[in-house]
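**Q** After the structure tokens below, expect a handful of questions from me.
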Amino acid sequence: MALQEQAGRKERRRAERRARKEHRQKEQERRSSLAWVRKPLAYLVGALLVGAAGYWAYHQWASGMPGQFVASMGNRHITTSAIGVNAYNSDPPTSGPHLPSIASWGIHENPIPKELQIHNLEDGGIVVQYNCRPQAEEECRTLVEKLAQIVKRYDHAILAPYPGMSHKIALTAWSRIDKFNDFDEKRIVRFIEAYIGLDHHARK
Numbered sequence: 056m057a058l059q060e061q062a063g064r065k066e067r068r069r070a071e072r073r074a075r076k077e078h079r080q081k082e083q084e085r086r087s088s089l090a091w092v093r094k095p096l097a098y099l100v101g102a103l104l105v106g107a108a109g110y111w112a113y114h115q116w117a118s119g120m121p122g123q124f125v126a127s128m129g130n131r132h133i134t135t136s137a138i139g140v141n142a143y144n145s146d147p148p149t150s151g152p153h154l155p156s157i158a159s160w161g162i163h164e165n166p167i168p169k170e171l172q173i174h175n176l177e178d179g180g181i182v183v184q185y186n187c188r189p190q191a192e193e194e195c196r197t198l199v200e201k202l203a204q205i206v207k208r209y210d211h212a213i214l215a216p217y218p219g220m221s222h223k224i225a226l227t228a229w230s231r232i233d234k235f236n237d238f239d240e241k242r243i244v245r246f247i248e249a250y251i252g253l254d255h256h257a258r259k
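Numbering follows our numbering, in which position 94 of the sequence shown is assigned residue number 149; successive positions increment by one, without gaps.
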């Protein structure tokens, strides 16, 4: 009788050990299956966080830059300047189809065709334009003289009249524009130095 009880206890202990072992194995399998889910999920969450952080950083950077962003219309070359008054998404234009040649850098007394000045922007130039008549207005002559003094400091900058635009002064770079009515040297210089020299030719 005692031997039977002892054998029974041994069998129960073996059964308990088997049960614990099976439980551990099932727990390990469950954890392993969860790991297959958790790892890709962790990578996805990490990628989303990095992307969100990058977007936030870019937005903060762009919002702190001078002027306003204008979506690029590309930099396709054309052979004629007759493409339509409303062909561009900003006025003055900041990107888009343009002639293969550029306007000479420096001071211009006559308006520069849109399709020509865009190529200057593509080459990393800045175009400063004004909407007034220096030949007829003393105030305009003074404004043009002040603008010319700034533009002459830079090799890749242009000053030219732009009749009919909504503001008295417009600054353009590739995909950037700033328009205002009152002369502000710091504002103009900040815009020029932020974007001048940045090449925007398509990379092949």
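Even glycine gets a Cβ: it sits at the ideal position worked out from N, Cα and C.
Might you give, ordered along the chain, the residues of its own chain that have their beta carbon closer than 7 Å to the beta carbon of Ala158, omitting 5 neighbours on each side?
**A** Within the sequence shown, residue 158 is the residue found at index 103, counting from 1. Ile167, Leu171, Gln172, Asn175 and Ile213, listed in sequence order.
**Q** Could I get the ranges of all uninterrupted alpha helix (DSSP H) runs contained in the stretch 140–167, with 4 residues as the minimum, in chain order?
**A** As far as the stretch 140–167 is concerned, it has no whole alpha helix (DSSP H) run of at least 4 residues.
**Q** Below 7 Å between beta carbons: does that hold for Thr135 and Thr227?
**A** Taking the first residue of the sequence shown as position 1, residue 135 is located at position 80. Taking the first residue of the sequence shown as position 1, residue 227 is located at position 172. Not a contact, by the Cβ cut-off of 7 Å.
**Q** Would you grab the beta carbon distance between Val183 and Ile232 for me? Rounded to a whole angstrom, and I think it's under 8 Å.
**A** As a working note, residue 183 is residue 128 in the sequence shown. As a working note, residue 232 is residue 177 in the sequence shown. In fact, because the Cβ distance is near 12 Å, the residues do not count as touching under 8 Å.
**Q** To the nearest angstrom, report how far apart Gln83 and Arg68 are at their CA atoms.
**A** Residue 83 sits at position 28 when you count from the first residue of the sequence shown. Residue 68 sits at position 13 when you count from the first residue of the sequence shown. Spanning the two alpha carbons is a distance of roughly 22 Å.
**Q** Which of helix, strand or coil does DSSP assign to Gln115?
**A** For this step, residue 115 is matched to residue 60 along the sequence shown. Because Gln115 carries a pLDDT of 42, less than 50, the predicted location of this residue cannot be relied on, and the following value inherits that uncertainty. Helix.
**Q** Please report the straight-line C-alpha distance between Trp116 and Phe238, rounded to a whole angstrom.
**A** Within the sequence shown, residue 116 is the residue found at index 61, counting from 1. Within the sequence shown, residue 238 is the residue found at index 183, counting from 1. Interpretation of Trp116 is limited by its pLDDT of 48, a score under 50 that renders its predicted location unreliable; no figure is taken from the coordinates.
**Q** Using a Cβ-Cβ cut-off of 8 Å (strictly less than) and excluding sequence neighbours within five positions of Tyr209, which residues of its own chain qualify?
**A** Locating residue 209 in the sequence shown gives position 154, where the first residue counts as 1. Ile181, Ile247 and Ile251.
**Q** Pull up the distance between the alpha-carbon of Gln204 and that of Pro152, whole angstroms please.
**A** Counting from one through the sequence shown, the residue named residue 204 turns up at place 149. Counting from one through the sequence shown, the residue named residue 152 turns up at place 97. Between Gln204 and Pro152, the C-alpha separation is close to 30 Å.
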